[in-house]
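From first to last, the protein sequence lines are chains H and C.
Residue numbering for the first sequence follows the numbering used here, beginning at 46 and increasing consecutively.
Residue numbering for the second sequence follows the numbering used here, beginning at 1390 and increasing consecutively.
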Amino acid sequence: MSEAVKKVCVIGAGVMGAGIAAQVANAGVPVLLLDIVPRDATDRDAVAKGAVAKMLKTEPAAFMSAAAARLVETGNIDDHLDRVAECDWIVEAIVERLDIKQALYARLEQLKRPGTAMSSNTSTIPLGHLVEGRSEQFQRDFLITHFFNPPRYMRLVEIVRGEHTDAAVAEKVEAFVDRFMGKRIVRAKDTPGFIANRIGTYWLAVAVNAALDQGLTVEEADRIGGRPMGVPKTGIFGLIDLVGIDLMPLLSKSLSATLPAGDAYFATVRELPLVDRMIAEGYTGRKGKGGFYRLDKRPDGSRAKLAIDLASGEYRAEQKPAALPPAAEKDLAALVAVPGKVGDYAWTILGSVLSYAAMLVGEAADDVVAIDDAMKLGYNWKFGPFELIDRLGPGELAERLRAEGRAVPAILDTAGERPFYRVEDGVRQYLGTDGAYHDVVRGEGVLLLEDVKRRSAPVATSASAALWDVGDGVLCLEFTAKMNALDGEVAALIEQAVALVPGRFKALVIYNEGSNFSAGANLGLALFAVKAGAWGEVEKLVAAGQRAFKALKYAPFPVVSAPSGLALGGGCEVLLHSDAVQAHAESYVGLVECGVGLVPGWGGHGELLDRLAKLPTMPRGPMPAVTRAFELISTAQVSKSAAQAKEMGFLRASDGVTMNRDRLLADAKARALALVDGYRPPEPPVYRLPGESGRVGIAGAVADFHRKGVATDYDVVVAGRLAEVLTGGDADLVDTVTEEQLLTLERAAFLASARDERTHARVESMLMTGKPLRN
Amino acid sequence: MSNVVIAGYARSPFQLAGKGELARVRPDDLAAQVIRGLLAKTEVDPAAIEDIILGCAFPEGEQGLNVARLVGLLADLPLTVGGMTVNRFCGSSMSAIHIAMGQIQIGAGEAFICAGLESMSRIPMGGYNPLPSPELAAKSPGAYMGMGQTAENVAQQYQITRAEQEAFAVKSQRKAAAARAEGRLAEEIVPIRTKKGEVTQDGIIRPETTAEVLAGLKPAFSADGSVTAGTSSPLTDGASAVLVTSEEFATKHGLKVLARIVSVGVAGCAPETMGLGPIGASKKALERAGIAAGDLDVVEINEAFASQAIACIRDMGLKEETINLDGGAIAIGHPLGATGARIVGKAAALLEREGGRYALATQCIGGGQGIATVLERA
Chain H
46 MSEAVKKVCV IGAGVMGAGI AAQVANAGVP VLLLDIVPRD ATDRDAVAKG AVAKMLKTEP
106 AAFMSAAAAR LVETGNIDDH LDRVAECDWI VEAIVERLDI KQALYARLEQ LKRPGTAMSS
166 NTSTIPLGHL VEGRSEQFQR DFLITHFFNP PRYMRLVEIV RGEHTDAAVA EKVEAFVDRF
226 MGKRIVRAKD TPGFIANRIG TYWLAVAVNA ALDQGLTVEE ADRIGGRPMG VPKTGIFGLI
286 DLVGIDLMPL LSKSLSATLP AGDAYFATVR ELPLVDRMIA EGYTGRKGKG GFYRLDKRPD
346 GSRAKLAIDL ASGEYRAEQK PAALPPAAEK DLAALVAVPG KVGDYAWTIL GSVLSYAAML
406 VGEAADDVVA IDDAMKLGYN WKFGPFELID RLGPGELAER LRAEGRAVPA ILDTAGERPF
466 YRVEDGVRQY LGTDGAYHDV VRGEGVLLLE DVKRRSAPVA TSASAALWDV GDGVLCLEFT
526 AKMNALDGEV AALIEQAVAL VPGRFKALVI YNEGSNFSAG ANLGLALFAV KAGAWGEVEK
586 LVAAGQRAFK ALKYAPFPVV SAPSGLALGG GCEVLLHSDA VQAHAESYVG LVECGVGLVP
646 GWGGHGELLD RLAKLPTMPR GPMPAVTRAF ELISTAQVSK SAAQAKEMGF LRASDGVTMN
706 RDRLLADAKA RALALVDGYR PPEPPVYRLP GESGRVGIAG AVADFHRKGV ATDYDVVVAG
766 RLAEVLTGGD ADLVDTVTEE QLLTLERAAF LASARDERTH ARVESMLMTG KPLRN
Chain C
1390 MSNVVIAGYA RSPFQLAGKG ELARVRPDDL AAQVIRGLLA KTEVDPAAIE DIILGCAFPE
1450 GEQGLNVARL VGLLADLPLT VGGMTVNRFC GSSMSAIHIA MGQIQIGAGE AFICAGLESM
1510 SRIPMGGYNP LPSPELAAKS PGAYMGMGQT AENVAQQYQI TRAEQEAFAV KSQRKAAAAR
1570 AEGRLAEEIV PIRTKKGEVT QDGIIRPETT AEVLAGLKPA FSADGSVTAG TSSPLTDGAS
1630 AVLVTSEEFA TKHGLKVLAR IVSVGVAGCA PETMGLGPIG ASKKALERAG IAAGDLDVVE
1690 INEAFASQAI ACIRDMGLKE ETINLDGGAI AIGHPLGATG ARIVGKAAAL LEREGGRYAL
1750 ATQCIGGGQG IATVLERA
């Protein structure tokens, strides 16, 4: 088990090494980051130190908290390499040169403790070559751990075990990478490029060549090769811009050097004068002067998006590609059947890439699941290659390949007309190379709602939420609307859950598997009601939400929320009303209502105030918690991690953090069950609030911000409403304010904001452009 | 009545709040170390001290309770030495000196430590619980107005351009940098022990400041204003102390007398232009001393903001060559409660060093007032 990994050494402080070290630190584990001594250095640790300093500045951030950054100790390989003896896992992430790696290993062999795991982050060099000349002990301790960039955010790690790798050593590393670093592990075979980069590189090469050959614009290529195939909307050329155009020839070179003769990749290698010229002129993508796309600043400060003309090599204004037939958006068979260049291009990509992936079953990975996982987690594809084949039709794919005289991969023959995935008795199964279906097995201790939903019916549903029995007496509330937005339907189901749990269940977990826990209240719906002048409806919605959230809070059973991604506005208020939160490390939490001219409406004011007032670091007196809550809400601050949400006060110090997204539900469930014995609902808080005096103080500060030009005219108005609630309205220092009184103030402030036309303008702007309006 | 003299002056290094080297030092500890340093420097018999009068603008948290008494205990002063905390915002520790003078003259003691402290890192400006009177805020909004806004008001009223303010700030930085480089500040500084080692030097002075750099800064308080961070005194951590005694006491104990206090004054003014406070207060003090502004050889005027310092200098007709010879608060820093004792101590030390007869130390005070002290060379 991974408790054995108490300290890690990362050698190589480049983008990958430094990022890996940061993620180890994010897990709360100390890490030693070493790199070479720069020539003529005054500070011999300058390279590693510089890497950490750079990470502290770049966005998206590599570190989840300042505390994590402090866990990285820097050094150099000339003076500090012997300190690998302190470490339980050594990760090598130096330059991709076999001779240099081998020389380093020869030194490490003398210094590391026998049995200490040692892995390389190589992306191309086979393991067999790396350990040449090393002792048997070294080979037992050695494996490849291939992370993706950026290591904090990309969830894939490909792990390659060598012929001599000790299973116990590999399992120790895997357990750490899984539970502490939060990655999903895909076991790859010791072949060039492993899985994701081998297919990914081939995919991009095929798609670029085909765009050139078939006369597509970059916009058309990205449109066809993007969303309809479940590929992020950057598509082909947008993705190359993102990773760096200069990386293409490097990848091509290293893959070409190691791939077996006859690999289909070789057929894609050709001179690309346009690409060579772009690199030479510094057009290396987003990090350079621009790439296939370029953003130019106009004299008036607005931005113009340009794209390169693949034929002439000149930039021109971006051209919106023609719309695809609606069926082709979702149905791959329909997409490849579109006559003309749309269908031709789609087929060129799918026919080549899917059959390439199919060829690799058995060679690069044991099964189709590993290949699908690798592409989904390493390249953010929505569907893996075999899921795409199922959507296209395995029989149809084989038939068309055959008709074109192309080789049909063995696994396609094995499949025949059968899909690669099926659900049998509520269990997802995949087609093995043996022609039989096997259960898709989740990692030990992994519980996914996706699986629960496949094998059972919901306990109850509403239009925007559902209740599921996740076992052991735990009920799970899932949000189901777009962006998991909250509305009256959610509130109603919460009340239903509160009534349902006692007797049938022991605890409630609020969890879902969307990319975001909840982006907050359904603004569109709210705006509709407001515009229709349905004040009664709006008021009812607010009151119903308040009632439902308080019902959660005072329910006679434990409630644990388990967010991942955004938990904003109402989503944050759900967390604030829970007995405990088990948060995915990548949780972005905040009360952002002021951005659209509103104030929190579902109990957020009181809950945040109570939490902040109870922080041990909060100074005494009526103002500090009020001021802090005011700052957090009025400026719509959102945490950039769960760790930061704790620092800000949205989460309690005692709340749990799960690094691996796949383990979130299981952890939340365990947390809820641990609270069951002797559970007593919380006592309602009593507030001592400063009333008008506090409001005058806040107003002074707001006026200063307005004068500085930081706060807009309407910001001042919204801030006044917010302050009215947070300071307790007519409260006097010597009185106490009840939760109920605060809720009444909150409703009044919310409704005043909802009635204000300046709020409507902000909401409309947010709905139309996704950007806040600064009125 | 006895003559009252300044018989010693010391201060801590001044460091930027938040990121400076004193951010992690408790203010009570800081003041205790400065007082120990003053005692060592003057070699005065601690048992002869009547009282510690300590100024602080936000006496809360670590500088709360009766911090003067606590500092005395921390500094291992004899238990017989008293302690009293004074708050007149930025004028606090100058008031401490005035109080000591009064006490000496009514025969209520012969030797006082008049000190000031402020950790702007550790205690927020405005305090933890700002609770303005709604009635007063409505009636006299200036009473709670941010200091930056008052500086803008003064700039407007006196038509002081941004360029003039910047030229003033550059000059302050030059003077302070030269003073530090030539070792003229070292003699007043008590090195402060911290967990990370000893802090011996001021940390705020920026010799490289130029008018061009300052011209590039954004207005700090008002989108269309003229006052920037470069023409304002920064948030500062620091402590200061002077030894105030009767002239007889100083002679009897063989103390080195820097200057005699001739007269003092305080005067209120409009809160919205609190930066003009020195004008009324200095007028009173000068009249009481029976001298005119032209008689002054040394002037220490606190540079809360360049705009208000320029306005006061212009209004009072002070001589350029007498002003803040070793730089002012824009360059050195302004730990609110500690500034009064610093500028009185500094004025006394400058009289002693530079010669001349009269000195004026004066400063503005938030809420709308000024305070002034006239010294004569001993």
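We put the beta carbon where it would ideally sit given N, CA and C, even for glycine.
From the DSSP output, which residues share a beta bridge with K157 of chain H?
Residue mapping note: residue 157 of chain H aligns to position 112 of the first sequence, counting from 1. For K157 of chain H, which the question treats as bridged, DSSP gives no partner whatsoever.
Locate the beta strand (DSSP E) running through W513 of chain H, then write down its first and last residues.
If you number the first sequence from 1, residue 513 of chain H lands on position 468. First-last of the beta strand (DSSP E) with W513 of chain H: A510 to D514.
Quick one: is H174 of chain H buried, meaning 16 or more other Cβ sit within 10 Å of its Cβ, or exposed?
Taking the first sequence and counting its residues from 1, the one referred to as residue 174 of chain H is at position 129. Looking at its Cβ environment, which holds fewer than 16 other Cβ atoms inside 10 Å, H174 of chain H is exposed.
By a C-beta neighbour count over all protein chains shown, 10 Å radius and 16 as the cutoff for buried, is S699 of chain H buried or exposed?
Looking up residue 699 of chain H in the first sequence gives position 654. The residue is exposed, with fewer than 16 neighbouring Cβ atoms inside 10 Å.
From P273 of chain H to I204 of chain H, what does the alpha carbon distance come to, in whole angstroms?
Position 228 of the first sequence, counted from the first residue, corresponds to residue 273 of chain H. Position 159 of the first sequence, counted from the first residue, corresponds to residue 204 of chain H. So the alpha carbons of these two residues sit roughly 30 Å apart.
Does the Cβ of W580 of chain H have 16 or more other Cβ atoms within 10 Å, making it buried, or fewer, making it exposed?
Counting from one through the first sequence, the residue named residue 580 of chain H turns up at place 535. W580 of chain H is exposed by the Cβ-count criterion.
Return the Cβ separation of V1763 of chain C and A1678 of chain C in integer angstroms, given the expectation that the two are a contact with Cβ distance under 8 Å.
Translated into positions along the second sequence, residue 1763 of chain C becomes position 374. Translated into positions along the second sequence, residue 1678 of chain C becomes position 289. The pair is a contact, with the Cβ atoms about 4 Å apart (cut-off 8 Å).
By the DSSP assignment, the beta strand (DSSP E) with C821 of chain H in it spans what residues?
Absent from the model: residue 821 of chain H. The displayed extent of chain H is 46 to 820, so no value can be given.
Output yes or no for whether 8 Å exceeds the beta carbon distance between I1732 of chain C and Q1752 of chain C.
Here residue 1732 of chain C refers to the residue found at position 343 when the second sequence is read from its first residue. Here residue 1752 of chain C refers to the residue found at position 363 when the second sequence is read from its first residue. It is a contact, given that the beta carbons lie within the stated cut-off.
With a threshold of 8 Å between beta-carbons, can S1448 of chain C be considered close to chain H, or not?
Taking the first residue of the second sequence as 1, we reach residue 1448 of chain C at position 59. Checking the sequence shown, residue 1448 of chain C turns out to be Pro, not Ser. Chain H contact via Cβ: absent.
Report all residues from its chain with a CB closer than 8 Å to the CB of V583 of chain H; omit the five preceding and five following residues, and keep chain order.
Along the first sequence, one-based indexing puts residue 583 of chain H at 538. A571, A574, V575, L796 and A799.
Are three or more beta carbon pairs between the region 1409-1427 of chain C and the region 1579-1596 of chain C nearer than 8 Å?
Output reads yes: the region 1579-1596 of chain C touches the region 1409-1427 of chain C.
Looking at A1446 of chain C and G1624 of chain C, is the spacing between their C-beta atoms short of 8 Å?
Position 235 of the second sequence, counting from 1, holds the residue named residue 1624 of chain C. Position 57 of the second sequence, counting from 1, holds the residue named residue 1446 of chain C. Strictly speaking, residue 1624 of chain C in this sequence is Leu, with Gly absent from that position. For L1624 of chain C and A1446 of chain C, no; Cβs fall outside 8 Å.
Cutting at 6 Å between CB atoms, please list the residues of its own chain near R740 of chain H, excluding the five before and the five after it.
Counting from 1 along the first sequence, the entry for residue 740 of chain H is found at position 695. For R740 of chain H, where only same-chain residues beyond five positions count, the Cβ hits under 6 Å are A768 and T772.
So, A674 of chain H versus L654 of chain H, is the Cβ gap smaller than 8 Å?
Counting from 1 along the first sequence, the entry for residue 674 of chain H is found at position 629. Counting from 1 along the first sequence, the entry for residue 654 of chain H is found at position 609. Cβ atoms of A674 of chain H and L654 of chain H: closer than 8 Å.
Indicate whether at least one CB of chain C lies closer than 8 Å to the CB of S47 of chain H.
As a working mapping, residue 47 of chain H is identified with position 2 in the first sequence. Reliability fails at S47 of chain H, whose pLDDT of 41 lies under 50, so the model's placement of it is uncertain and no value is given.
In three-state DSSP terms, what is S47 of chain H?
Indexing the first sequence from 1 puts residue 47 of chain H at position 2. Confidence at S47 of chain H is low in this model, with a pLDDT of 41, below 50, so its placement is unreliable and the value that follows should be read with caution. Note: S47 of chain H maps to helix in three-state DSSP.
Work out the CA separation of D532 of chain H and E44 of chain H for me, nearest whole Å.
As shown, chain H starts at 46 and ends at 820. That puts residue 44 of chain H outside it, with no answer to give.
Is there a Cβ of chain H sitting closer than 8 Å to that of N1518 of chain C, yes or no?
On the second sequence, position 129 is the one that residue 1518 of chain C refers to. So yes, N1518 of chain C belongs to the interface.
May I ask you to list the residues that DSSP assigns as paired with F192 of chain H?
The sequence position of residue 192 of chain H within the first sequence is 147, counting from 1. The partner list for F192 of chain H (beta bridge, DSSP) reads H:V202.
Could you work out which residues of chain C lie near E737 of chain H, taking near to mean beta carbons separated by less than 8 Å?
Residue 737 of chain H sits at position 692 when you count from the first residue of the first sequence. Within chain C, the residues near E737 of chain H are P1523.
Listed from N- to C-terminal order along the chain, which residues in the region 655-668 of chain H have their beta-carbon within a distance smaller than 7 Å of any beta-carbon of chain C?
The residues in question are P664, G666, P667 and M668.
Mind the definition here: the region 774-781 of chain H touches the region 724-736 of chain H only if three or more C-beta pairs lie below 8 Å; say whether that holds.
These segments touch.
Nearest to K421 of chain H by CA position, among H:R473, H:G245 and H:D321, is which residue?
Position 376 of the first sequence holds residue 421 of chain H. For K421 of chain H, the nearest C-alpha among the options comes from H:G245.
Compare the C-beta of G1605 of chain C against all C-beta atoms of chain H and say whether one is closer than 8 Å.
Position 216 of the second sequence, counted from the start, is the residue given in the question as residue 1605 of chain C. For G1605 of chain C, the answer is no, since every Cβ of chain H falls outside 8 Å of its Cβ.
Comparing the C-beta of G1531 of chain C with each C-beta of chain H, is any distance below 8 Å?
Taking the first residue of the second sequence as position 1, residue 1531 of chain C is located at position 142. Output row for G1531 of chain C: interface = no.
Residues in its own chain within less than 6 Å of P817 of chain H by CB, not counting five upstream and five downstream?
For the purposes of this step, residue 817 of chain H is identified with residue 772 of the first sequence, where counting begins at 1. Excluding positions up to five away in sequence, the list reads G640.
Give me the subset of the region 742-755 of chain H whose CB atoms are less than 7 Å from a CB atom of chain C, sorted by chain position.
For the region 742-755 of chain H, which is checked against every Cβ of chain C, the residues closer than 7 Å are G742, G745, D749, R752, K753 and G754.
Compare the beta carbon distance of G227 of chain H and A138 of chain H with 8 Å and say whether it is the shorter of the two.
Position 182 of the first sequence, counted from the first residue, corresponds to residue 227 of chain H. Position 93 of the first sequence, counted from the first residue, corresponds to residue 138 of chain H. Cβ atoms of G227 of chain H and A138 of chain H: not closer than 8 Å.
Which same chain residues end up closer than 7 Å to S47 of chain H when comparing Cβ atoms and leaving out the 5 residues on each side of it in sequence?
Residue numbering aside, residue 47 of chain H sits at position 2 when the first sequence is read from its first letter. Per-residue confidence for S47 of chain H stands at a pLDDT of 41, beneath the threshold of 50, marking its modelled position as unreliable; the derived number appears in the next sentence. Cβ within range, chain order: K217, A220, F221, R224 and F225.
Where are the beta strand (DSSP E) runs, 3 residues long or more, that stay fully inside the region 390-477 of chain H, in chain order?
If we require 3 residues or more, the beta strand (DSSP E) runs fully inside the region 390-477 of chain H come out as 466-469 and 472-476.
Determine, for S1611 of chain C, whether the minimum Cβ-Cβ distance to residues of chain H falls below 8 Å.
If you number the second sequence from 1, residue 1611 of chain C lands on position 222. Chain H contact via Cβ: present.
Curious, which full-length beta strand (DSSP E) runs of at least 3 residues does the region 208-248 of chain H contain?
Those beta strand (DSSP E) runs which fall completely within the region 208-248 of chain H and span 3+ residues are 229-232.
Taking 8 Å as the cut-off, decide whether the C-beta atoms of D712 of chain H and Q786 of chain H are in contact.
Walking along the first sequence from the start, residue 712 of chain H turns up at place 667. Walking along the first sequence from the start, residue 786 of chain H turns up at place 741. Not in contact: D712 of chain H and Q786 of chain H (Cβ atoms no closer than 8 Å).
Could you please give me the residues that DSSP links to N1392 of chain C through a beta bridge?
In the second sequence, the residue the question calls residue 1392 of chain C occupies position 3. Looking at the DSSP assignment, N1392 of chain C forms no beta bridge with any residue, so it has no partner.
Take V276 of chain H and list the residues in its own chain whose beta-carbon comes closer than 7 Å to its own, dropping the five residues that flank it on each side.
Reading the first sequence from its first residue, position 231 is the one you call residue 276 of chain H. Around V276 of chain H: G270 and W426.
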